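*Asks:* For the sequence shown, the residue numbers in our numbering are 1462 to 1779.
Beta carbons: idealized from backbone N, C-alpha and C, even for Gly.
All figures in this text were calculated on a predicted structure; none of them were measured in a lab.
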Amino acid sequence: MFSEHDSKTKLGFVRQKRSGLTQEQFEEVLRAFCFLSYFENQFDWESDYLMSKLNEIKKRINSIKFENMLFVEDLKSAIALWIDDNGLVSFAHRSLQEYFAALFVSNLNVLEKERVYTKVIQKFSVPKSVNETENFISLCEEIDTLNYNKYYKLPLFKELRGLLNTNSDYELVKSFLMFFVCEINLPNLVEGDNEVTYATILNLNATLVYRSIYFHIDYTQKIHSLLTRKVYSGYFNKCSSKSKLNSFTSKNKRGKSVVKYIDINGEVPRDFMDEIMQCQEIIEAIRELSDYIDNSIKSCVSYIDETQDLDKGLVDLI
1462 MFSEHDSKTK LGFVRQKRSG LTQEQFEEVL RAFCFLSYFE NQFDWESDYL MSKLNEIKKR
1522 INSIKFENML FVEDLKSAIA LWIDDNGLVS FAHRSLQEYF AALFVSNLNV LEKERVYTKV
1582 IQKFSVPKSV NETENFISLC EEIDTLNYNK YYKLPLFKEL RGLLNTNSDY ELVKSFLMFF
1642 VCEINLPNLV EGDNEVTYAT ILNLNATLVY RSIYFHIDYT QKIHSLLTRK VYSGYFNKCS
1702 SKSKLNSFTS KNKRGKSVVK YIDINGEVPR DFMDEIMQCQ EIIEAIRELS DYIDNSIKSC
1762 VSYIDETQDL DKGLVDLI
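Right, dumping it as structure tokens:
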């Protein structure tokens, strides 16, 4: 990749690297650095950070010797993957950091891959990380397909399956609500007919929802939209609710107001469930999610079994 990148940008002229590392050694160090920095949410780096991480890497990979500054200069000049903006270093293209981080994962041994995918699941359970995950996850799927399916995708779909009760439509909808949302804020009227607008109508069970959002977002976005429309229409206003002090933004002012909300922590109120069960569009959307989970588990298991059988068959030939 280094020679290819250089030839495209410098008309085939491959410059001498000052660090003295081979291409393979260079890539090994770069993979490790990208993995560490990506999972520390460090996307541009000052000199102290660079030196600290490179020293850590050299302690772990003690067979590779190099001067830190020469390694950095090679990445900025000889290979031209990094740029320096007034002392702040970063990749010329952000996606390259994710690419080399995914390469690091793909080069781990099987036991470490299982550990790292478990850590990836934990890390991406944080809502603010969601926007940073999609490209990295898709790269892992492409580069490390078997282990991605085995240690990342399948465990998350099995977790989703365990959260949704398919004994009946009633139990399915109820279990979905307990998985997806903890509170539903009901619209309020203040100062005449100015409707309160909340930042969120549905307060999600963030940790559970975001763990696997990469897979279910197309389905849960639809359900979220259907639920929100019903809430705004006043459909659930007669259901059991509690009161709390909440910030609001009305047409003419901002402030705080006592608002009503439906509490779904631990149990879904019966009258709310009765109303939801009259909403066929919501029920059907949750069924579609459930079917998608089942089909994805079957597909994932089938791929893992076929790939492992193929590998075993090829080894048996020798």
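(1) So isoleucine 1540 and alanine 1493 are in contact, right, with Cβ under 8 Å, and what is the actual spacing, rounded?
(2) Per DSSP, isoleucine 1645 forms a beta bridge with which residues?
(3) Where does lysine 1526 sit, in a helix, a strand or coil, going by DSSP?
(4) Is it buried or exposed for valine 1608, if we count other Cβ within 10 angstroms and need 16 for buried?
(5) Cutting at 6 Å between CB atoms, please list the residues of its own chain near threonine 1482, excluding the five before and the five after it.
(6) Have a look at lysine 1478 and asparagine 1626 and give me their C-alpha separation to the nearest angstrom.
(7) Taking all protein chains shown into account, do 16 or more other C-beta atoms lie within 10 angstroms of the C-beta of asparagine 1646, making it buried, or fewer, making it exposed?
(8) Quick check on DSSP: helix, strand or coil for isoleucine 1604?
(9) For valine 1762, I'd like the list of residues in its chain whose CB is within less than 8 Å of its CB, leaving aside the five on either flank, ordered along the chain.
(10) Using 8 Å for Cβ pairs, my map puts phenylalanine 1441 next to serine 1551. What's the rounded Cβ distance?
(11) I need the DSSP call for valine 1550, collapsed to helix, strand or coil.
(12) Using a Cβ-Cβ cut-off of 7 Å (strictly less than) and excluding sequence neighbours within five positions of isoleucine 1737, which residues of its own chain qualify?
(13) Would DSSP call aspartate 1766 helix, strand or coil?
(14) If you follow the alpha helix (DSSP H) that phenylalanine 1697 is in, where does it begin and where does it stop?
(15) Would a C-beta distance cut-off of 9 Å place serine 1694 and tyrosine 1722 closer than the cut-off?
(16) Are the region 1598 to 1605 and the region 1524 to 1538 touching, with three or more C-beta to C-beta distances below 8 Å?
(17) Using the rule of at least 16 other Cβ atoms within 10 Å of the residue's Cβ for burial, across every protein chain shown, is glutamine 1741 buried or exposed?
(18) Let me know if serine 1757 comes out buried or exposed under the rule of 16 or more other beta-carbons within 10 Å of its beta-carbon.
(19) What residue range is occupied by the uninterrupted alpha helix (DSSP H) comprising aspartate 1535?
(20) Pick from Tyr1680, Tyr1499, Gly1548 and Ile1525: whose alpha carbon is nearest that of serine 1508?
(21) If you count every other CB in all the chains shown that lies within 10 Å of the CB of leucine 1638, and 16 or more means buried, which is it?
(22) Out of curiosity, what's the CA-to-CA distance linking lysine 1499 and phenylalanine 1640?
(23) Where does the unbroken alpha helix (DSSP H) through proline 1616 begin, and where does it stop?
(24) Hey, how far is the Cα of phenylalanine 1676 from the Cα of valine 1670?
(25) For isoleucine 1540, name the three-state secondary structure that DSSP assigns.
(26) What would DSSP say about lysine 1478, mapped onto helix, strand or coil?
(27) Assuming methionine 1512 is part of the alpha helix (DSSP H), what are its boundary residues?
(28) Regarding glutamate 1745 and the ligand PLP, is the C-beta to nearest heavy atom distance less than 8 Å?
(29) Rounded to the nearest angstrom, what separates glutamate 1595 and asparagine 1516 at their Cα positions?
*Replies:* Here's the rundown:
(1) Your pair isoleucine 1540 and alanine 1493 does not check out as a contact, with CB atoms roughly 16 Å apart and the cut at 8 Å.
(2) Leu1663 and Ile1723
(3) coil
(4) The amino acid at residue 1608 is misidentified as valine; the sequence shows asparagine. Buried, by the Cβ-count rule.
(5) Note that residue 1482 is leucine in the sequence shown here, rather than threonine. Correct list, in chain order: Phe1527.
(6) 59 Å
(7) buried
(8) Helix.
(9) Leu1615
(10) Within the shown structure, residues of the chain are numbered from 1462 to 1779, placing residue 1441 beyond reach of any answer.
(11) strand
(12) Taking isoleucine 1737 as the centre and dropping the five residues before and after it, the same chain places the C-beta of Val1634 and Ile1743 closer than 7 Å to its C-beta, in chain order.
(13) helix
(14) For phenylalanine 1697, there is no enclosing alpha helix (DSSP H), as DSSP marks it with neither H nor E.
(15) no
(16) no
(17) exposed
(18) buried
(19) First-last for aspartate 1535: undefined, no H or E at that position.
(20) Gly1548
(21) buried
(22) The question names lysine, but residue 1499 is tyrosine in the sequence shown. Distance between the alpha carbons of tyrosine 1499 and phenylalanine 1640: 29 Å.
(23) Note, proline 1616: alpha helix (DSSP H), 1615 to 1624.
(24) 10 Å
(25) coil
(26) Looking at lysine 1478 - three-state DSSP - the assignment turns out to be coil, as it is neither helix nor strand.
(27) 1508 to 1521
(28) The ligand PLP is not part of this structure, which contains no ligands at all.
(29) 30 Å
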